[in-house]
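Undergrad:
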Ligand SMILES: *Cc1c(COP(=O)(O)O)cnc(C)c1O
Ligand code: SF4
């Protein structure tokens, strides 16, 4: 098997090179590629079947990225919520620590596309050390989410050092890694990597798959290695127009993830990220999809549909409405639309 670094080196990072593989007008994509970096590694490229298929849309620049007059560069106000650079402290008991500025593939809808993969994202040994010290000083922080960019693009040695330093903080209970590598470059998940990760339990990984075509034998193997090392796996999917915005696609994705021992965790409404407006759906789209899935498939396969509120106000669940009225009896629809009631405590049945 080709080493993951080779596969990564062998990435397409401009439209003209992509035009050697597919028939399309590459000059139309140049402005978007100049504004936001492009990287499609050889593995992910091999999964794209045709121009404009659901994987193409995630990876290939779109002319619409540069005429988005609605969205904003930092919709979650991450910069404002950073007490030290590259650490976002939004909730009382957990923080987001950015430790890498590269990804195995640059997603066109990335919330952090203002800086990921560009010189705007300055991650240094010093910024990481300052982040670790912030966590050490603030003992209410129980959990750290390590993200980026993609933390699993760090070398094994750097990751081990980072995890060891975090584990030396007594008040820190849980380490969570956010990574798209099991989906976009599964060969990165090696036996050696997993042996490092499992030294630092309780360690969770939330990965990111958006379409059933990403559920390949290679991805399944990566997830098996991680799950066999006792690492609980979750998935944070983004609801994307033209990619996965229908119940059939998401049902296949969530059930497929469950078979790979990955628990669907969040389905995110698209953020207001500049350059990604063309991916946004109406919130009613996601709610309708959830309404169709809840109850008809295993609850284990059902993520929380959530909106990350603008300006860093936090994640808000967007749940279908089942309740019809709240009197002496609660009246509600069940998953298949039948009207049901439940007498509240103290009221006659
Ligand atoms: C999403 C997020 C978290 C984690 O939220 P959970 O609901 O626990 O998954 C933590 N910090 C920041 C800044 C986040 O954006
Ligand atoms: S892997 Fe994550 S951080 Fe990297 S480009 Fe995709 S969404 Fe952004």
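Numbering (our numbering), first residue to last: 650 to 998.
Backbone N, C-alpha and C define an ideal beta-carbon position, used for all residues, glycine too.
Name the DSSP bridge partner or partners of residue 827?
TA: Along the chain shown, read from residue 1 onward, the residue named residue 827 stands at position 178. Per DSSP, 855.
Undergrad: Smallest Cα separation from residue 926: which of 751, 712, 818 and 738?
TA: The residue you call residue 926 lines up with position 277 of the chain shown. Ranking 751, 712, 818 and 738 by Cα distance to residue 926 puts 712 first.
Undergrad: Would residue 1043 pass as a contact of residue 781 if the rule is Cβ separation under 8 Å?
TA: Only positions 650 to 998 of the chain appear in this structure, which leaves residue 1043 out of reach.
Undergrad: Straight-line CA distance for residue 937 to residue 969?
TA: Start at 1 with the first residue of the chain shown, and residue 937 comes out as number 288. Start at 1 with the first residue of the chain shown, and residue 969 comes out as number 320. If I take the Cα positions, the gap works out to 7 Å.
Undergrad: Our contact map puts residue 688 next to residue 755 with C-beta atoms below 8 Å; I'd like the distance itself, whole angstroms only.
TA: Locating residue 688 in the chain shown gives position 39, counting from the first residue. Locating residue 755 in the chain shown gives position 106, counting from the first residue. The pair is a contact, with the Cβ atoms about 5 Å apart (cut-off 8 Å).
Undergrad: So, using beta-carbon positions, are residue 821 and residue 793 closer together than 8 Å?
TA: Indexing the chain shown from 1 puts residue 821 at position 172. Indexing the chain shown from 1 puts residue 793 at position 144. A contact, by the Cβ cut-off of 8 Å.
Undergrad: Please report the straight-line C-alpha distance between residue 907 and residue 901, rounded to a whole angstrom.
TA: Taking the chain shown and counting its residues from 1, one reaches residue 907 at position 258. Taking the chain shown and counting its residues from 1, one reaches residue 901 at position 252. One C-alpha to the other measures close to 10 Å.
Undergrad: For residue 735, is the classification buried or exposed, using 16 other Cβ atoms within 10 angstroms of its Cβ as the cut-off for buried?
TA: The count along the chain shown starts at 1 and reaches residue 735 at position 86. Buried, because 16 or more other Cβ atoms sit within 10 Å of the Cβ of residue 735.
Undergrad: Take every Cβ of the stretch 770-781, pair it with every Cβ of the stretch 793-812, and state whether three or more of those distances are shorter than 8 Å.
TA: They touch, by the three-pair rule.
Undergrad: Return the chain-ordered list of same chain residues with a C-beta closer than 8 Å to the C-beta of residue 990, the five sequence neighbours on each side being excluded.
TA: For this step, residue 990 is matched to residue 341 along the chain shown. Excluding residues within five positions, the ones whose Cβ falls inside 8 Å are 978, 979, 980 and 981.
Undergrad: For residue 974, collect the residues of the same chain with a Cβ closer than 8 Å to its Cβ; drop the 5 residues on either side in sequence, then sort them by chain order.
TA: Here residue 974 corresponds to residue number 325 of the chain shown, with the count starting at 1. The residues are 980.
Undergrad: If you draw a straight line from the C-alpha of residue 913 to the C-alpha of residue 956, how long is it?
TA: Residue 913 sits at position 264 when you count from the first residue of the chain shown. Residue 956 sits at position 307 when you count from the first residue of the chain shown. C-alpha separation (whole angstroms): 16 Å.
Undergrad: Judging by CA-CA distance, which residue of 819, 803, 818 and 836 is the nearest neighbour of residue 826?
TA: In the chain shown, the residue the question calls residue 826 occupies position 177. When each option's Cα is compared against that of residue 826, the closest is 803.
Undergrad: Select from 885, 920 and 701 the residue whose C-alpha is nearest the C-alpha of residue 727.
TA: Your numbering for residue 727 matches position 78 in the chain shown. Measuring from the Cα of residue 727, the nearest candidate turns out to be 920.
Undergrad: Please confirm whether residue 862 and residue 887 have their CB atoms less than 8 Å apart.
TA: Counting from 1 along the chain shown, the entry for residue 862 is found at position 213. Counting from 1 along the chain shown, the entry for residue 887 is found at position 238. It is not a contact, given that the beta carbons lie outside the stated cut-off.
Undergrad: Which residue's Cα is closest to the Cα of residue 999: 976, 983, 986 and 985?
TA: Summary: the structure shown does not reach residue 999, with the chain confined to residues 650 through 998, and so no result is reported for it.
Undergrad: Could you have a look at residue 759 and say whether DSSP puts it in helix, strand or coil?
TA: Residue 759 sits at position 110 when you count from the first residue of the chain shown. The answer is coil: DSSP assigns residue 759 none of H, G, I, E or B.
Undergrad: Can residue 755 be considered in contact with ligand 2, in the sense that its beta carbon sits closer than 7 Å to one or more heavy atoms?
TA: Your numbering for residue 755 matches position 106 in the chain shown. Yes, the Cβ of residue 755 comes within 7 Å of a heavy atom of ligand 2.
Undergrad: Look up residue 732 in the DSSP assignment and say whether it is helix, strand or coil.
TA: What you label residue 732 is simply residue 83 of the chain shown in a count that begins at 1. Three-state DSSP puts residue 732 in coil, outside helix and strand.
Undergrad: Could you tell me whether the Cβ atoms of residue 911 and residue 874 are closer together than 8 Å?
TA: Indexing the chain shown from 1 puts residue 911 at position 262. Indexing the chain shown from 1 puts residue 874 at position 225. Result no, Cβ atoms of residue 911 and residue 874 do not sit closer than 8 Å.
Undergrad: Can you tell me where the beta strand (DSSP E) holding residue 664 begins and where it ends?
TA: Taking the chain shown and counting its residues from 1, the one referred to as residue 664 is at position 15. Premise fails: residue 664 lies in the alpha helix (DSSP H), 664-667, not in any beta strand (DSSP E).
Undergrad: Taking residue 723 as the reference, give the member of 662, 940 and 759 with the closest Cα.
TA: For the purposes of this step, residue 723 is taken as residue 74 along the chain shown, with counting starting at 1. For the residues 662, 940 and 759, the minimum Cα distance to residue 723 belongs to 759.
Undergrad: In this structure, does DSSP put residue 978 in helix, strand or coil?
TA: By one-based count along the chain shown, residue 978 stands at place 329. In this structure, residue 978 counts as strand in the three-state DSSP scheme.
Undergrad: For residue 958, I'd like the list of residues in its chain whose CB is within less than 6 Å of its CB, leaving aside the five on either flank, ordered along the chain.
TA: Within the chain shown, residue 958 is the residue found at index 309, counting from 1. Correct list, in chain order: 965.
Undergrad: So does the stretch 693-705 actually touch the stretch 652-672, counting three or more Cβ pairs closer than 8 Å?
TA: Cβ pair count under 8 Å is three or more, so yes.
Undergrad: What residue does the alpha helix (DSSP H) around residue 660 start on, and which one ends it?
TA: Residue mapping note: residue 660 aligns to position 11 of the chain shown, counting from 1. No alpha helix (DSSP H) holds residue 660; DSSP gives it neither H nor E.
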